[in-house]
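Numbering (our numbering), first residue to last: 2 to 778. What follows is a single structure, written as structure tokens, with notes after it.
Dropping the structure here:
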């Protein structure tokens, strides 16, 4: 009677039947037991507990009564009492299968997979040859991330039980990352042989999604919903497909009629958060915690909403109190939730401490090892992160998230050749979820001068994707001037920032947000924080390292996060102006007209300031993004999408005494993807560096001054460095003065890249290029 998975949804019909059953007079023990179960499923926990306690007193030693009583005790968060109930049942009859199964479920629900496996082994000792327990051992081993061990167990089971649907499904899950084609075939066979098995459908849909077969995934999702209406596994699979197609609003539309189970609350919260509705998302995650207990997905979801709403401290404190309350009642894995929360917040010392303690207590676990590796990476301990991934790889060699982290570690450790080999190997395994990093790898190949390979890989991704919406592929096409193709796959909903309710062009950063963003001292967390492989290199190249590596890196990563935020949601000009040092605005108003400004990807963004001062600038976007948030940067000339029109517009601006600004510091190899054109050459940290020659030639051709404009932090306020760039001397060869111009500009870039952490942008292409060709330190 007990549901092995408490998060499986009940249908509306079942709920109606439950209400009818509660009105019938109990005629015998089975009906009275059913009444207690229905009370629990209806959320009337105290009534269920009282009812089942009376029944247990009337029928001492009745196995199913004890099992259902323990289930209600767990739902009342009386973990110790539930454990005692099951222990008493097993003491009376060690072969009581239902009690063993309930103990296994209890441990698994707390993510104590080590204890769940111990409980399985104990059950098999007294129930040897039990097929269900043997399969549960395989699934728990797989859930723990011991994929190789699980495959060995499954091979043995398959030999004993050929054609068993449960075994085939578990085999499919074990192969999903390594061989999605085989996983898809296994799921399809199970659907044909066991049409009533709901769990076959999510595997089938996930495999199709991995293989870029989005139409099939959508069609099978609809078919599964028809066969199993309201079932959480099907809804989860359908929502995952909608999210993969970058349609959170479409995902949300699947859920209104779904039953209010913990799993569905988490789905609602996830889709609401992705749709820019953090208040509603937080309420959904809170409901999941109320009804499902300490669920990691719900706890982490609340932290995600808190990051958007700037409520991290109070939310973390509330979750800490909730965890302690559950622990006091017998929950055995509160530290696991604390570790996940620390990881979500980038609290790497705490995440590393807790994950290491948990691994010592619970043994190897894929999720904990991955968290430990990330935490060590965040702390700059590259070798320690490598060690954690090595251990994880021995358990699960095809773990997708670990593979991505491994590549970043290669770069951070100064192993660019190993990075390229690693990424090439990954590219051979299809995975639609890896699109963004595959595109990034193509950019890296361009930076290395391997343009043919980069183009071939992009085309391969486009062929696989077809007409499915994909923001990152759309941006890659836009950068190559393939505007119609880019527009065709641009998602309908592009979310750039937390305060967006529609398209990203509505995003704007207001004064309260700036106060939070620019808080480098108390470090109120912001959603866009991440770990960068460039952090270690930037630290080693810094002129002043008196802060220490951990604090320097924290500030640099925050500065990078601010860049990501403000690029998606430019600041209100009037909100940004108070952050300028006195007199800095006058510098901008005094710029010569016409002129060309060469800015950089480092230091605070200045577009909003210039727009607010009405200085009449136009931004020449070398690679305009498909993201509509770019509209918020002010007047834009899109060079990549319409180069001839852009050239004409640039001439018009300069001839009209305007200011043309461009962030011109990106490497020419990446910008042109192997296309023709002259370059201006110089060196950056001793490494050869080529720039597109557009700006210096424009300045020389129209005889207008070109200047560097760098925003940087000084004593907690924004200041500007403005300096003239070289002009050609009489009779000087063109290439010579172009190279002088480039070197003067690169000197200013190197100055800010080696400067204070608050002026860093670790995502900048210049850092990536240096990671691929590391300078001597």
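By construction, the Cβ of each residue, glycine as well, lies at the ideal position given by its N, Cα and C atoms.
Beta-carbon proximity check, residue i vs residue j, cutoff 9 Å
{"i": "residue 592", "j": "residue 610", "result": "no"}
{"i": "residue 549", "j": "residue 760", "result": "no"}
{"i": "residue 543", "j": "residue 777", "result": "no"}
{"i": "residue 375", "j": "residue 344", "result": "yes"}
{"i": "residue 187", "j": "residue 144", "result": "no"}
{"i": "residue 688", "j": "residue 771", "result": "yes"}
{"i": "residue 433", "j": "residue 245", "result": "yes"}
{"i": "residue 692", "j": "residue 661", "result": "no"}
{"i": "residue 365", "j": "residue 392", "result": "yes"}
{"i": "residue 768", "j": "residue 538", "result": "yes"}
{"i": "residue 683", "j": "residue 747", "result": "yes"}
{"i": "residue 92", "j": "residue 83", "result": "no"}
{"i": "residue 706", "j": "residue 597", "result": "yes"}
{"i": "residue 295", "j": "residue 324", "result": "yes"}
Run of the beta strand (DSSP E) containing residue i, from where it starts to where it stops
{"i": "residue 401", "result": "Here residue 401 belongs to no beta strand (DSSP E); instead the alpha helix (DSSP H) covers 401 to 413."}
{"i": "residue 662", "result": "660 to 664"}
{"i": "residue 637", "result": "637 to 639"}
{"i": "residue 600", "result": "596 to 600"}
{"i": "residue 725", "result": "718 to 725"}
{"i": "residue 524", "result": "First-last for residue 524: undefined, no H or E at that position."}
{"i": "residue 286", "result": "Counting along the chain, residue 286 falls outside any beta strand (DSSP E), though it belongs to the alpha helix (DSSP H) covering 279 to 293."}
{"i": "residue 690", "result": "688 to 693"}
{"i": "residue 157", "result": "Residue 157 -> not in any beta strand (DSSP E); alpha helix (DSSP H) instead, spanning 148 to 161."}
Pick from the options that is closest to residue i, judged by C-alpha positions
{"i": "residue 149", "options": "131, 604, 172 and 95", "result": "172"}
{"i": "residue 287", "options": "383, 696 and 271", "result": "271"}
{"i": "residue 481", "options": "777, 459 and 471", "result": "459"}
{"i": "residue 716", "options": "75, 204, 102 and 520", "result": "520"}
{"i": "residue 536", "options": "525, 529, 87 and 556", "result": "556"}
{"i": "residue 218", "options": "229, 231 and 235", "result": "235"}
{"i": "residue 179", "options": "563, 718 and 394", "result": "394"}
{"i": "residue 264", "options": "139, 232, 455 and 85", "result": "232"}
{"i": "residue 319", "options": "304, 478, 34 and 331", "result": "304"}
{"i": "residue 53", "options": "158, 38, 208 and 668", "result": "38"}
{"i": "residue 121", "options": "516, 106, 409 and 706", "result": "106"}
{"i": "residue 408", "options": "423, 462, 291 and 729", "result": "423"}
{"i": "residue 202", "options": "229, 369, 699 and 649", "result": "229"}
{"i": "residue 457", "options": "419, 442, 40 and 701", "result": "442"}
{"i": "residue 225", "options": "213, 199 and 427", "result": "199"}
{"i": "residue 554", "options": "377, 86 and 359", "result": "377"}
Buried versus exposed call for residue i [16 or more other C-beta atoms within 10 Å across all chains shown]
{"i": "residue 627", "result": "In this prediction, residue 627 scores a pLDDT of 41, lower than 50, which makes its location untrustworthy; no coordinate-derived value is stated."}
{"i": "residue 561", "result": "buried"}
{"i": "residue 220", "result": "exposed"}
{"i": "residue 32", "result": "exposed"}
{"i": "residue 194", "result": "exposed"}
{"i": "residue 197", "result": "exposed"}
{"i": "residue 124", "result": "buried"}
{"i": "residue 26", "result": "Caution applies to residue 26, whose pLDDT of 39 falls short of 50 and renders its modelled position unreliable; the model cannot decide the point."}
{"i": "residue 61", "result": "exposed"}
{"i": "residue 425", "result": "exposed"}
{"i": "residue 384", "result": "exposed"}
{"i": "residue 488", "result": "exposed"}
{"i": "residue 266", "result": "buried"}
{"i": "residue 262", "result": "buried"}
{"i": "residue 658", "result": "exposed"}
{"i": "residue 108", "result": "buried"}
{"i": "residue 820", "result": "Because the chain here runs from 2 to 778, residue 820 falls outside it and cannot be looked at."}
{"i": "residue 309", "result": "buried"}
{"i": "residue 298", "result": "buried"}
{"i": "residue 216", "result": "exposed"}
{"i": "residue 724", "result": "exposed"}
{"i": "residue 766", "result": "buried"}
Residue i - containing alpha helix (DSSP H), residue span
{"i": "residue 685", "result": "Counting along the chain, residue 685 falls outside any alpha helix (DSSP H), though it belongs to the beta strand (DSSP E) covering 680 to 685."}
{"i": "residue 42", "result": "30 to 42"}
{"i": "residue 709", "result": "No alpha helix (DSSP H) holds residue 709; the beta strand (DSSP E) holding it covers 707 to 715."}
{"i": "residue 174", "result": "166 to 176"}
{"i": "residue 582", "result": "Here residue 582 belongs to no alpha helix (DSSP H), and DSSP marks it neither H nor E."}
{"i": "residue 101", "result": "98 to 110"}
Minimum Cβ-Cβ distance from residue i to chain C less than 9 Å
{"i": "residue 83", "result": "No chain C appears in this structure, which consists of one protein chain only."}
Residue i: CB within 8 Å of a non-hydrogen atom of the ligand ATP
{"i": "residue 707", "result": "Looking for the ligand ATP in the displayed structure turns up nothing, as the structure carries no ligands at all."}
>> Counting beta carbon pairs with one atom in the stretch 570 to 585 and one in the stretch 701 to 710, are three or more of them shorter than 8 Å?
In response: no
> At a cut of 8 Å, does the stretch 440 to 460 reach the stretch 663 to 674 through at least three beta carbon pairs?
Replying inline: yes
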